[in-house]
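Residue numbers (the numbering used here): 1 to 341. Just so it is clear, CB atoms sit at the ideal spot from N, CA and C, and this is done for glycine as well.
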Ligand code: SAH
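Quick look at the structure:
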């Protein structure tokens, strides 16, 4: 069976033609799925009974089940979803005063192996399909009975290692006849898969690109992120410059501060040199220590000094608010969970 949530509107029109239906049916179905957020074909009451039966025979409506929902004292909610094949993933909802942001997963597990991240060390299972990425948004909206305003691809997985499905999901999410969340409200975060950054620059999409930089020289970065061995800093920065030139968009660099590792003023100086002349923003993340991890959080004093140094030297830097840490929903704390543990 095919998941009906994996098609963008044009593809769904082609699907309808392929089963002998008129293309406008696709718009009706789209509206039921993404506006009304129905869970059954039988709820699509402006479709004939006959068509509903036909759809049921060909397609599934993928409805994730909530296995567990935890709520933080700051209002952050963490969902553990059953993705219907014996696997589970985590998705996080954060409430800011300017709206609701959802942190989606792009893969079941992750291959990147970043040393400070809780998704590391658990075997990679598979990519999520476009429909499964979209379903995370719908399932949360169904649960909170409200609309999501922003999406960040910062959950489990490396979005640029699942490039096609992530791009497809964004097109479904963007569609004004669907979830209608504008690309400007979507951020893709990558550990730095250089060839895909070049591809992304050619997509003509208005999403924000976030780069998980975390260190300013290859020795330190490779110690934290094995992906740096394949795509070292010079190549990464070159790809970022190409991206900025082609898209004229600002890049957001993520920098997780770990005590006595990458958080002293020498590092800040190197960072200023590295990012000089680029249209960018630095997001400083107080690192969350993971179980058996060797990296621990910098002191608040160091984090503030680091930020001030960047700001004083022409680089806009902010410290990311930590949300949901009491329910293991903060940066780097998400894991792929098995249904039976
Ligand atoms: N694979 C993508 C997206 C997932 S991680 C990427 O690497 O960008 C989202 C962000 O959280 C990344 O910047 C990542 O480096 C950061 N992160 C991971 N583990 C963390 C931890 N323990 N503390 C703070 N940030 C962490």
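C-beta atoms of residue i and residue j nearer than 7 Å
{"i": "residue 61", "j": "residue 4", "result": "yes"}
{"i": "residue 344", "j": "residue 155", "result": "Past the edges of the chain, shown from 1 to 341, lies residue 344, and the structure says nothing about it."}
{"i": "residue 172", "j": "residue 302", "result": "no"}
{"i": "residue 345", "j": "residue 318", "result": "There is no way to answer for residue 345, as the model of the chain reaches only from 1 to 341."}
{"i": "residue 69", "j": "residue 93", "result": "no"}
{"i": "residue 130", "j": "residue 180", "result": "no"}
{"i": "residue 108", "j": "residue 126", "result": "yes"}
{"i": "residue 153", "j": "residue 106", "result": "yes"}
{"i": "residue 159", "j": "residue 122", "result": "no"}
{"i": "residue 138", "j": "residue 37", "result": "yes"}
{"i": "residue 191", "j": "residue 167", "result": "no"}
{"i": "residue 72", "j": "residue 290", "result": "no"}
{"i": "residue 333", "j": "residue 300", "result": "no"}
{"i": "residue 66", "j": "residue 88", "result": "no"}
{"i": "residue 74", "j": "residue 236", "result": "no"}
{"i": "residue 281", "j": "residue 307", "result": "no"}
{"i": "residue 79", "j": "residue 2", "result": "no"}
Contact set for residue i: own chain, Cβ-Cβ below 6 Å, skip 5 residues either direction
{"i": "residue 206", "result": "183 and 184"}
{"i": "residue 163", "result": "196"}
{"i": "residue 34", "result": "178 and 179"}
{"i": "residue 174", "result": "183"}
{"i": "residue 169", "result": "130, 133 and 134"}
{"i": "residue 10", "result": "none"}
{"i": "residue 32", "result": "38 and 44"}
{"i": "residue 279", "result": "244 and 250"}
Close-in-space but distant-in-sequence residues of the same chain around residue i (CB under 7 Å, 5 per side omitted)
{"i": "residue 23", "result": "13, 16 and 17"}
{"i": "residue 341", "result": "Confidence in residue 341 is poor, its pLDDT being 48 and thus under 50, which makes the residue's placement unreliable; the coordinate value appears in the next sentence. Correct list: empty, nothing qualifies."}
{"i": "residue 42", "result": "52"}
{"i": "residue 39", "result": "61 and 63"}
{"i": "residue 218", "result": "228, 232 and 233"}
{"i": "residue 221", "result": "214, 215, 228 and 233"}
{"i": "residue 147", "result": "141"}
{"i": "residue 46", "result": "28"}
{"i": "residue 274", "result": "216 and 237"}
{"i": "residue 242", "result": "198 and 201"}
Buried/exposed call for residue i, threshold 16 Cβ in 10 Å
{"i": "residue 321", "result": "exposed"}
{"i": "residue 268", "result": "buried"}
{"i": "residue 263", "result": "buried"}
{"i": "residue 98", "result": "exposed"}
{"i": "residue 157", "result": "buried"}
{"i": "residue 245", "result": "exposed"}
{"i": "residue 90", "result": "buried"}
{"i": "residue 412", "result": "What is shown of the chain runs 1 to 341, which leaves residue 412 out entirely."}
{"i": "residue 96", "result": "exposed"}
{"i": "residue 254", "result": "buried"}
{"i": "residue 176", "result": "exposed"}
{"i": "residue 44", "result": "buried"}
{"i": "residue 248", "result": "exposed"}
{"i": "residue 204", "result": "exposed"}
{"i": "residue 276", "result": "exposed"}
{"i": "residue 284", "result": "buried"}
{"i": "residue 239", "result": "buried"}
{"i": "residue 211", "result": "buried"}
{"i": "residue 193", "result": "buried"}
{"i": "residue 151", "result": "buried"}
Heavy atom of the ligand FAD within 6 Å of residue i beta-carbon
{"i": "residue 158", "result": "In the structure on display, the ligand FAD does not appear, and the ligands it does have are the ligand SAH."}
Spatial neighbours of residue i in its chain, beta-carbon cut-off 8 Å, leaving aside the 5 residues before and after
{"i": "residue 272", "result": "309, 310, 313, 314 and 315"}
{"i": "residue 149", "result": "98, 99, 100, 101, 181 and 185"}
{"i": "residue 330", "result": "288, 322, 323 and 324"}
{"i": "residue 128", "result": "83, 89, 105, 106, 107, 108, 157, 162 and 165"}
Sequence ranges, alpha helix (DSSP H) only - wholly within the region 233 to 289, length at least 4: 233 to 247 and 265 to 275
Quick check: the region 108 to 116 against the region 133 to 142, are there 3 or more CB pairs under 8 Å? no
Pairs of beta-carbons, one from the region 46 to 59 and one from the region 194 to 213, closer than 8 Å: are there three or more? no
Run through the region 123 to 194 for me and flag every whole alpha helix (DSSP H) of 4 or more residues, listed as ranges in chain order. 130 to 144 and 163 to 174
On the three-pair Cβ rule with 8 Å, is the region 258 to 276 touching the region 286 to 298? yes
Using 8 Å as the Cβ pair cut-off and three pairs as the minimum, do the region 77 to 84 and the region 26 to 39 touch? no
Give the list of continuous beta strand (DSSP E) stretches no shorter than 3 residues that lie fully inside the region 297 to 322. 317 to 319
Let me know the alpha helix (DSSP H) ranges lying completely inside the region 43 to 82, each 4 residues or longer, listed in chain order. 49 to 58
Taking only runs of the alpha helix (DSSP H) that begin and end inside the region 198 to 239, which ones reach a length of at least 4 residues, in chain order? 218 to 224 and 227 to 230
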